[in-house]
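Reviewing the structure listed below.
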Amino acid sequence: MFPFDSLSCEIVLESYSFNTDEVRLLWHDVPITMMEKVKFTFARRYGFYLFQSYFPTSLTVISSWVGFFFDVRSVSARITLGVSSLLALTFQFGNVLRHLPRVSYIKCLDVWMIFSVIFIFCTLVELAIVCQLNRLVEITSHFYSIKILDLQMGTRETNWVKSIRTLAKSNKVDRCSMIMFPLSFLIFNIVKRCKD
């Protein structure tokens, strides 16, 4: 697939408009020997595409994972990072498309860009899950502060323990994402390289 494709062309030497009954090629005393078919293989130099599209978009996808290392409560910073990464990737894709020929088939670069968008979108989905878990912590702690006057000590501790468990779940989702996102991106790259 483009830009890692190669093209093979075969050349057959023969008369274009006359058949062998009408034209017979006679050589000099010492005939020229040549192959019946000549095959040319053209391979594209893809360095331009690596440096103009693959490396920058890889860095954009990787930079979207920095949010996993932020505190769970830094929602605005994480949203800004995720949306900025998505916008940067969209801009990069538009810039690359301007330099490519318009074709009717799917190019390798299209698959790369689509999966890059999916990876960044998944970081935003992970952010939504973590924010929802964090919101449950805030609701539980708010409920705890309202009930503190009328509840017994054992019940208050139970609500507090639930709040800590929910916060631990959101941190666990982040820790799992720190491993799963880079690992899945690496597996995607290995599978993609093997198919190219």
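Residue numbering for the sequence shown follows this note's numbering, starting at 1206 and increasing by one per position.
Beta carbons: idealized from backbone N, C-alpha and C, even for Gly.
(Q) Judging by CA-CA distance, which residue of Cys1313, Ile1384, Leu1329 is the nearest neighbour of Cys1399? (A) The sequence position of residue 1399 within the sequence shown is 194, counting from 1. Closest by alpha carbon: Cys1313.
Q | Neighbour-count burial assignment, Leu1231, 16 or more Cβ in a 10 Å radius | A | Start at 1 with the first residue of the sequence shown, and residue 1231 comes out as number 26. Leu1231 should be labelled exposed.
Q) Rounded to a whole number of angstroms, what is the C-alpha to C-alpha distance between Ile1323 and Leu1286? A) Position 118 of the sequence shown, counted from the first residue, corresponds to residue 1323. Position 81 of the sequence shown, counted from the first residue, corresponds to residue 1286. Going from the Cα of Ile1323 to the Cα of Leu1286 covers about 15 Å.
**Q.** Proximity to Phe1275 [Cα-Cα], best of Asp1210, Leu1292, Val1396, Cys1336
**A.** For the purposes of this step, residue 1275 is identified with residue 70 of the sequence shown, where counting begins at 1. Cα-wise, what sits closest to Phe1275 is Cys1336.
Q) Cα separation between Ile1325 and Phe1207? A) Locating residue 1325 in the sequence shown gives position 120, counting from the first residue. Locating residue 1207 in the sequence shown gives position 2, counting from the first residue. So the two alpha carbons sit approximately 23 Å from each other.
Q: Give the DSSP bridge partners of Ala1248, in chain order.
A: Against the sequence shown, residue 1248 aligns to sequence position 43. Bridge partners of Ala1248: Ser1211.
Q: Pull up the distance between the alpha-carbon of Glu1362 and that of Arg1340, whole angstroms please.
A: On the sequence shown, residue 1362 is found 157 positions in, with the first residue counted as 1. On the sequence shown, residue 1340 is found 135 positions in, with the first residue counted as 1. Residue placement at Glu1362 is flagged as unreliable, the pLDDT there being 48, under the threshold of 50; the coordinate-derived value follows with that caveat. In a straight line, the C-alpha of Glu1362 is about 19 Å away from that of Arg1340.
Q: State the DSSP-derived secondary structure class of Ile1334, mapped to helix, strand or coil.
A: The count along the sequence shown starts at 1 and reaches residue 1334 at position 129. In the structure shown, Ile1334 sits in a helix (DSSP, three-state: H, G or I).
Q: Check whether the region 1218-1227 touches the region 1245-1253, taking contact to mean three or more Cβ pairs, one atom from each stretch, closer than 8 Å.
A: no
Q. Based on the DSSP output, what are the partners of Ile1237 in its beta bridges?
A. Position 32 of the sequence shown, counting from 1, holds the residue named residue 1237. Ile1237 pairs with nothing; no bridge assigned.
Q. What are the uninterrupted segments assigned as alpha helix (DSSP H) that are 4 or more residues long and contained completely in the region 1261-1328, given in chain order?
A. 1280-1303
Q: Could you have a look at Met1358 and say whether DSSP puts it in helix, strand or coil?
A: Here residue 1358 refers to the residue found at position 153 when the sequence shown is read from its first residue. Any reading at Met1358 is ruled out, since the residue's pLDDT is 49, under 50, leaving its predicted position unreliable.
**Q.** DSSP-derived helix/strand/coil call for Val1228
**A.** Sequence index remark: in the sequence shown, residue 1228 carries index 23 (1-based). It is coil, neither helix nor strand.
Q) Among the residues of its own chain, which have a CB less than 6 Å from the CB of Glu1331, if the five just before and after it don't count? A) If you number the sequence shown from 1, residue 1331 lands on position 126. Cβ neighbours of Glu1331 beyond the five flanking positions: Ser1382.
Q | Inter-residue Cα distance where the pair is Ser1389 and Ser1289 | A | Your numbering for residue 1389 matches position 184 in the sequence shown. Your numbering for residue 1289 matches position 84 in the sequence shown. Taking the straight line joining both Cα atoms gives about 22 Å.
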